[in-house]
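Written out below as structure tokens is the structure these notes cover.
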Amino acid sequence: MPTTPALPGAVEHLVDVADGVRLWARTSGDPGGSPVLLVMGAASSGVVWPDALVERLGRQHRVVVWDHRDTGRSSAAMDVAPYALTDLAEDAVRVLDAVGADRAHVVGMSMGGLLAQLLLLDHPDRLLSATLFCTGPLAGAPVPEDLVPPGTTPPGPSPELLALWGRLGEERDAAAELTFRVEHWQALAGGGVPFPRAEVEALEARVVAHGGPADASSATAHARAGTDGLARGAELAAVTTPTLVVEAPEDPAYPPPSAALLARAVGAATGGARLVTVPGMGHALPAAVLGPLGDAVAAHLDAVDAAGGGTSG
């Protein structure tokens, strides 16, 4: 397969996961290191993962990213072969199979964090560890009263975000689409660090160069995916896979106490997951937060590997 010069050791892969459904994936970094599978959020291709973070993890690990169905270079599938979010979780297993990784550290952001929780429940034998951020627990998880007062519910996405999400399926020309995407990223970023407009515009240029401009159908595909099989939050208590939850205190999509609820839910039977906070982090990955985020993720992976868990199988 062709290589991607921007990342050391990068190799591209094509993964057939269903009839007529093919996924693009890429491995990079240390081919002898323990694998790390990066699971991106909804409507986002694998190249949304910042190169700086991929390179940082790749110094000691073999890093795997891929494009979900209906993103990047993977098949536009929803309108011809409708699927559920649980299918996207199973895609992750097929990607691991395709790149020859028996087990991997899994890092999930946003929807990717929900998919990672399904992997914790259904495929613990394939996971070395899990790192979850910009996400919350699967439905049905306990809601401790010290985090959410009785008679209330955990806060949801901000009104600004909900309004923007209502516009995802609109038809726009290229210039208007870029303006909308930058506005969307600005809302997602949450205001904890200065908004890096030029950085975001460069990200969007990279996304388009990788997979072409997204059409209205693909932009809403994951929002239309089936949600059966997601109400399994109560099962998270029995998880024994080492899990780190990173709190993004400025996240307008999964605002506090989402991360704390998740950390309490995962592995509750044995004390819960470890929780760390990255100050200023919202629902985005600007350069300003990559240092502390990368430190937290790398430390978690190193600790698991040092304890003897990190092998590529």
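Under the UniProt record's numbering, the residues of the sequence shown are numbered 1 to 313, in order. All residues carry an ideal CB built from backbone N, CA and C; glycine is no exception. Predicted, not measured: the structure shown is a model, and the values here were computed from it.
{"query": "C-beta contact flag for LEU57 and GLY29 at 8 Å", "result": "yes"}
{"query": "Simplified DSSP assignment, three categories, for ASP295", "result": "helix"}
{"query": "DSSP state of PHE180 mapped onto helix, strand, coil", "result": "helix"}
{"query": "Contact the region 70-84 vs the region 211-219: 3+ CB pairs below 8 Å", "result": "yes"}
{"query": "Bounding residues of the alpha helix (DSSP H) (the contiguous stretch that carries ASP16)", "result": "ASP16 -> not in any alpha helix (DSSP H); beta strand (DSSP E) instead, spanning 11-18."}
{"query": "Start and end residues, alpha helix (DSSP H) containing TRP66", "result": "Careful: TRP66 lies outside any alpha helix (DSSP H), inside the beta strand (DSSP E) at 61-66."}
{"query": "Whole-angstrom distance between PRO213 and GLY226, CA atom to CA atom", "result": "24 Å"}
{"query": "7 Å Cβ shell around GLY140 - same chain, five flanking residues per side excluded", "result": "ALA231, ARG232, GLY233 and ALA234"}
{"query": "Limits of the alpha helix (DSSP H) - the one that GLU247 falls within", "result": "Note, GLU247: premise wrong, no alpha helix (DSSP H); beta strand (DSSP E) at 243-247."}
{"query": "Member of ARG197, ALA176, ALA296 and GLY309 whose CA lies at the smallest distance from the CA of VAL278", "result": "ALA296"}
{"query": "THR4 to VAL48 span [Cα, whole Å]", "result": "Legend: pLDDT at THR4 = 41, less than 50; position of this residue unreliable, no value from coordinates given."}
{"query": "When PHE180, LEU290 and VAL17 are compared against SER75, the one with the closest alpha-carbon", "result": "VAL17"}
{"query": "Own chain partners of ALA174 with C-beta closer than 7 Å, once the 5 adjacent residues on each side are dropped", "result": "PRO213"}
{"query": "Beta-carbon spacing of VAL289, VAL193 below 8 Å", "result": "yes"}
{"query": "Chain-order list of residues whose beta-carbon lies under 6 Å from that of ALA260 (same chain, five-residue window excluded)", "result": "LEU147"}
{"query": "Inter-stretch contact (C-beta, 8 Å, three-pair minimum) for the region 235-248 and the region 268-282", "result": "yes"}
{"query": "Burial state of ARG26 (16 or more Cβ within 10 Å)", "result": "buried"}
{"query": "At least 3 beta-carbon pairs within less than 8 Å: the region 111-129 vs the region 200-207", "result": "no"}
{"query": "Alpha-carbon to alpha-carbon, ALA189 and VAL182", "result": "10 Å"}
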